Amino acid sequence: MKKKQNRYRPDKARPLKILKFWGKTVLTLLLAVAAVVLISAGLSRSYYALLEAPWLRLEEVRINGLKHLEEGLVLNALGVPRNACVLNLKMKELAARLESLPQVRSVIVRLDLPTRLVVEITEREPLAMVQADELLLLDKDGTLFARTTRDADPERLLITGFSGKGLKEGDHLPREPLEAVRELAAALEKARQWLPVQRISECQWRSGGFTLFMAQTSLPIDFGSENYGEKLNRLQRIFAMLGERQWTGAVKYIDLNYGNRAYVGGPFPAAKGA
Numbered sequence: 001m002k003k004k005q006n007r008y009r010p011d012k013a014r015p016l017k018i019l020k021f022w023g024k025t026v027l028t029l030l031l032a033v034a035a036v037v038l039i040s041a042g043l044s045r046s047y048y049a050l051l052e053a054p055w056l057r058l059e060e061v062r063i064n065g066l067k068h069l070e071e072g073l074v075l076n077a078l079g080v081p082r083n084a085c086v087l088n089l090k091m092k093e094l095a096a097r098l099e100s101l102p103q104v105r106s107v108i109v110r111l112d113l114p115t116r117l118v119v120e121i122t123e124r125e126p127l128a129m130v131q132a133d134e135l136l137l138l139d140k141d142g143t144l145f146a147r148t149t150r151d152a153d154p155e156r157l158l159i160t161g162f163s164g165k166g167l168k169e170g171d172h173l174p175r176e177p178l179e180a181v182r183e184l185a186a187a188l189e190k191a192r193q194w195l196p197v198q199r200i201s202e203c204q205w206r207s208g209g210f211t212l213f214m215a216q217t218s219l220p221i222d223f224g225s226e227n228y229g230e231k232l233n234r235l236q237r238i239f240a241m242l243g244e245r246q247w248t249g250a251v252k253y254i255d256l257n258y259g260n261r262a263y264v265g266g267p268f269p270a271a272k273g274a
């Protein structure tokens with residue numbers, strides 16, 4: 001019969017086993033930490049080596065979509081030095097710099113690896129100039145996006161009647177006048193062969209629509225708020241008739257807001273036999 005082992009006798013080897021277990025565990029952790037440090041150092045060294053690599057240097061910036069903006073202005077706003085490392089370039093940050101230009105509607109910046117930066121710009125399309133408290137460019141979406149001067153853009157239609165309305169750069173033109181400006185600008189574009197914008201000094205907006213003032217004579221022409229294409233055709237016939245009769249200098253006022261008719265005011269000579 002075997003002798004039973006005394007379960008209550010203390011195991012003298014147990015503390016040594018526990019010490020060995022924790023020793024191995026700590027050693028494993030230390031080795032793991034050391035490996036992570038070595039790998040990190042290697043990756044860091046590799047990363048900085050890549051930053052210094054000549055084949056990752058920016059050699060070209062290609063800008064597409066420019067219509068009115070100058071390339072130098074875009075490059076200055078971009079602020080990327082030649083030979084910069086492409087790994088340091090942040091596309092969102094570069095796009096934000098260009099979007100701060102008032103003439104830019106949208107922009108996409110991307111890398112064309114290995115050495116080219118491509119910028120795709122969509123510019124705002126100026127529709128007219130609006131004389132608010134300062135002279136501002138108006139785009140097709142109705143945004144007053146940049147200050148300007150008459151000398152800087154003499155071929156642009158000038159819209160007045162908004163001084164003292166509190167409009168400033170970045171604001172939007174109200175819907176009613178904006179729709180009228182769009183229609184008028186489109187009609188004048190079709191009529192530019194006989195009535196170029198340079199012959200119009202201003203288009204004054206009021207609640208009833210537009211009054212155009214001719215550049216050389218300051219002749220006011222009431223256009224109302226709709227059917228600008230038809231009214232321009234009628235105005236062309238009126239100008240032709242006045243020229244034939246040599247009455248052009250006698251005209252003081254033209255009102256085209258009379259349905260299919262027009263009112264031409266002035267001290268015209270009496271008809272013969274009257």
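In case it helps, the UniProt record's numbering puts the sequence shown at residues 1 to 274.
Note that CB positions come from ideal geometry on N, CA and C, so glycine has one too.
Values in this document were obtained by computation on a predicted structure and should not be read as measured data.
Are the beta-carbon atoms belonging to residue i and residue j less than 8 Å from one another?
| i | j | result |
| --- | --- | --- |
| L136 | R147 | yes |
| V197 | I238 | no |
| V74 | L94 | no |
| R182 | L127 | yes |
Span of the alpha helix (DSSP H) holding residue i?
| i | result |
| --- | --- |
| G229 | Y228 to R245 |
| A187 | R175 to K190 |
| A96 | M91 to E99 |
Taking residue i and residue j to be in contact with their CB atoms under 8 Å, please state how far apart those CB atoms are, rounded to whole angstroms.
| i | j | result |
| --- | --- | --- |
| A180 | F210 | 6 Å |
| I221 | L256 | 7 Å |
Between which residues of its own chain and residue i is the CB-CB distance below 8 Å, once the five residues before and five after are set aside?
| i | result |
| --- | --- |
| V86 | L56, R57, L58, L111, L113, P114, T115 and L117 |
| S46 | Confidence at S46 is low in this model, with a pLDDT of 46, below 50, so the placement of that residue should be treated as unreliable; the coordinate-derived value is given next. Nothing listed; no residue qualifies. |
| P267 | A250 and K252 |
| residue 332 | It is not possible to answer for residue 332, since the shown part of the chain is limited to 1 through 274. |
| G164 | D133 |
| T248 | F239 and L242 |
| L66 | V74, I121 and E123 |
| P154 | Q198 |
Where does the unbroken beta strand (DSSP E) through residue i begin, and where does it stop?
| i | result |
| --- | --- |
| P126 | P126 to Q131 |
| R261 | R261 to G265 |
| N257 | Y253 to Y258 |
| N76 | That residue, N76, is in no beta strand (DSSP E); its alpha helix (DSSP H) goes E71 to L78. |
| R105 | V104 to D112 |
| T211 | G209 to M214 |
| V61 | E60 to N64 |
| A146 | L144 to R147 |
| V118 | R116 to E123 |
| P220 | P220 to G224 |
| E202 | I200 to R206 |
Can you name, in chain order, every residue of its own chain whose Cβ lies under 6 Å from the Cβ of residue i, other than the five neighbours on each side?
| i | result |
| --- | --- |
| G142 | H172, L173 and L178 |
| A187 | Y228, G229 and L232 |
| A132 | F162 and L167 |
| I108 | E120 |
| G224 | G209 and N257 |
Enumerate in chain order the residues of its own chain whose CB-to-CB distance from residue i is below 7 Å, with the five nearest sequence positions on each side excluded.
| i | result |
| --- | --- |
| I63 | E71, V74, V119 and I121 |
| R199 | M214 and A215 |
| R82 | L58 |
| R206 | G161 |
Should residue i be counted as a contact of the ligand GTP given a C-beta to heavy atom distance under 7 Å?
| i | result |
| --- | --- |
| A186 | With respect to the ligand GTP, the structure shown offers nothing to examine, as it has no ligands at all. |
> Do the segment 97–114 and the segment 122–129 meet, that is, are 3 or more Cβ pairs less than 8 Å apart?
Replying inline: yes
> Are at least three pairs of beta-carbons, each pair with one atom in the segment 199–213 and one in the segment 157–174, less than 8 Å apart?
Replying inline: yes
> On the three-pair Cβ rule with 8 Å, is the segment 217–237 touching the segment 192–208?
Replying inline: yes
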